[in-house]
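Engineer:
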Amino acid sequence: MSQTPFSLGTFADGQSGPFPGIVVNDRVYDTRTVLPVATTTSLLLADWDTSLDALQSLADAPEGGGRPVGELTVLAPVQPPGQIFGAGANYREHVIQITVAHRLGKADATEEELREQAAREMDERAAHGEPYVWVGVPSAISGPYDDVILPSLGENHDWELELGVVIGRETREVSRDEALDHVAGYTICNDLTTRSLVPRPEIPMMGTDWMRAKNQPTFYPTGPYLVPARFVPDPQDLDITLRLNGKVMQKGNTNDMIFGIAALISYISHRVTLQPGDMIITGSPQGNGSHYGRFLRAGDVMESEITGLGAQRNLCR
Numbered sequence: 128m129s130q131t132p133f134s135l136g137t138f139a140d141g142q143s144g145p146f147p148g149i150v151v152n153d154r155v156y157d158t159r160t161v162l163p164v165a166t167t168t169s170l171l172l173a174d175w176d177t178s179l180d181a182l183q184s185l186a187d188a189p190e191g192g193g194r195p196v197g198e199l200t201v202l203a204p205v206q207p208p209g210q211i212f213g214a215g216a217n218y219r220e221h222v223i224q225i226t227v228a229h230r231l232g233k234a235d236a237t238e239e240e241l242r243e244q245a246a247r248e249m250d251e252r253a254a255h256g257e258p259y260v261w262v263g264v265p266s267a268i269s270g271p272y273d274d275v276i277l278p279s280l281g282e283n284h285d286w287e288l289e290l291g292v293v294i295g296r297e298t299r300e301v302s303r304d305e306a307l308d309h310v311a312g313y314t315i316c317n318d319l320t321t322r323s324l325v326p327r328p329e330i331p332m333m334g335t336d337w338m339r340a341k342n343q344p345t346f347y348p349t350g351p352y353l354v355p356a357r358f359v360p361d362p363q364d365l366d367i368t369l370r371l372n373g374k375v376m377q378k379g380n381t382n383d384m385i386f387g388i389a390a391l392i393s394y395i396s397h398r399v400t401l402q403p404g405d406m407i408i409t410g411s412p413q414g415n416g417s418h419y420g421r422f423l424r425a426g427d428v429m430e431s432e433i434t435g436l437g438a439q440r441n442l443c444r
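Okay, so the sequence shown: first residue is 128 according to my numbering, each after it adds one.
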């Protein structure tokens, strides 16, 4: 018997507090009807194997008529959110664009020479190197349709659309072969960055400062939903598209990752313990604002989508 596809999210109706629900054919069904103790999505994720069976039963035979999703406010799917782990410089073409845009090579190198240099370095890193991972704060997560607040601190606020991987069980020192068994599902996350705050010129030996550059409130629009891993046949073959005011700026595919999802999970789990509800954002494809020399301004609208995971729309103000 085939399983009915569904997505998991957090919703509000303006009259009561947020509640967890599944979405089937654009209708929302309150998961508390089958799992009354699990009053949040984070509690569902805490015992994901059990929760998944119950949620699948609800999707296969929904109780009541549900509610049209358009009648509800859609919040970030995991509430309260877990930890955020971000993979930096993890898309081959993105890294090449950064190398060319910032001329990260010989001063007299041509654009083609810089591209060739970056490509060689990425091949070497993929074969013998390790991922570069930084940590974000959950308080910066916002909903998929929330406004993005551009802070007065810093300049050159940039977009970076990414595949989010949500962990479904405690994960410690897992192998690459077993890593995907620890994934609850996938979502969309736009990892915003204030470029002027990344470097620390007064203490150059410290390198980059991701805390101040990436963690302003609303800087991680997430959702709309968590799509269970069973309904994402190949997470390494998903199209990623971001439009700014209707114009396509980012267009890539998750197959361009330097370190794939399993490699990232394994790497992180050998250094920290991943908990249910934690999200790994896996890097961003080419087409960031730094490539175009065009950064976010008040009134801009970002529309973002990843194959099979839905879409976001965020107004900047």
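In this text, a Cβ means the ideal position worked out from N, Cα and C, and glycines have one as well.
If you reduce the DSSP assignment to three classes, tell me which class Q439 lands in.
Structural biologist: strand
Engineer: Among residues of its own chain, excluding the 5 on either side of P189, which ones have a beta-carbon nearer than 7 angstroms to its beta-carbon?
Structural biologist: V151 and Y156
Engineer: Under 8 angstroms, do L436 and I315 count as touching if we go by C-beta distance?
Structural biologist: Cβ atoms of L436 and I315: closer than 8 angstroms.
Engineer: For P165 and L171, what's the separation of their Cα atoms in angstroms?
Structural biologist: First, the amino acid is wrong: residue 165 is Ala here, not Pro. C-alpha separation (whole angstroms): 6 angstroms.
Engineer: Looking only at its own chain, which residues have a Cβ that is under 8 angstroms from the Cβ of G136, when we skip the five neighbours before and after it?
Structural biologist: P147, G148, I149, V150, V155, T168, V201, L202, P204, G350, P351, Y352 and L353
Engineer: Could you give the uninterrupted runs of the alpha helix (DSSP H) lying entirely in the stretch 133-183, keeping only those of 4 residues or more?
Structural biologist: Listed in chain order, they are 168-173.
Engineer: Between which two residues does the alpha helix (DSSP H) carrying A356 extend?
Structural biologist: Note, A356: premise wrong, no alpha helix (DSSP H); not H, not E.
Engineer: Under 8 angstroms between the Cβ atoms of V260 and G295?
Structural biologist: 8 angstroms or more divides the Cβ of V260 from the Cβ of G295.
Engineer: Which residue's Cα is closest to the Cα of N342: G281, N382 and Q183?
Structural biologist: The residue from G281, N382 and Q183 with its alpha-carbon nearest to that of N342 is G281.
Engineer: DSSP state of Y445, grouped into three classes?
Structural biologist: This structure cannot settle anything about residue 445, because the visible part of the chain is limited to 128 through 444.
Engineer: Going by alpha carbons, who is nearest to S279 out of G420, R421, V222 and R339?
Structural biologist: When each option's Cα is compared against that of S279, the closest is R339.
Engineer: Report the rounded CA-to-CA distance for S134 versus P355, giving the unit in angstroms.
Structural biologist: 7 angstroms
Engineer: Is W337 helix, strand or coil when you go by DSSP?
Structural biologist: helix
Engineer: Under a three-way DSSP split, which group does Q343 fall into?
Structural biologist: Three-state result, Q343: coil.
Engineer: Reducing DSSP to helix, strand and coil, say where G197 ends up.
Structural biologist: In the structure shown, G197 sits in a helix (DSSP, three-state: H, G or I).
Engineer: Could you check what DSSP says for T381 in three-state terms: helix, strand or coil?
Structural biologist: helix
Engineer: Nearest-angstrom Cα distance between R194 and L369?
Structural biologist: 29 angstroms
Engineer: State the start and end residues of the unbroken beta strand (DSSP E) segment that holds L241.
Structural biologist: Here L241 belongs to no beta strand (DSSP E); instead the alpha helix (DSSP H) covers E238 to H255.
Engineer: Below 8 angstroms, can you find three or more Cβ-Cβ pairs linking the stretch 416-433 to the stretch 285-293?
Structural biologist: yes
Engineer: Inspect the beta-carbon positions of S143 and V161 and report whether they are closer than 8 angstroms.
Structural biologist: no
Engineer: My assumption, with CB atoms under 8 angstroms, is that P348 sits in contact with N382. Please give the rounded CB distance.
Structural biologist: The pair is not a contact, with the Cβ atoms about 24 angstroms apart (cut-off 8 angstroms).
Engineer: Identify, in the order they occur along the chain, each residue of the same chain with its Cβ nearer than 8 angstroms to the Cβ of D153, setting aside the five sequence neighbours on each side.
Structural biologist: P195, V196 and G197
Engineer: Could you spell out the range, first to last residue, of the alpha helix (DSSP H) harbouring V222?
Structural biologist: R219 to A228
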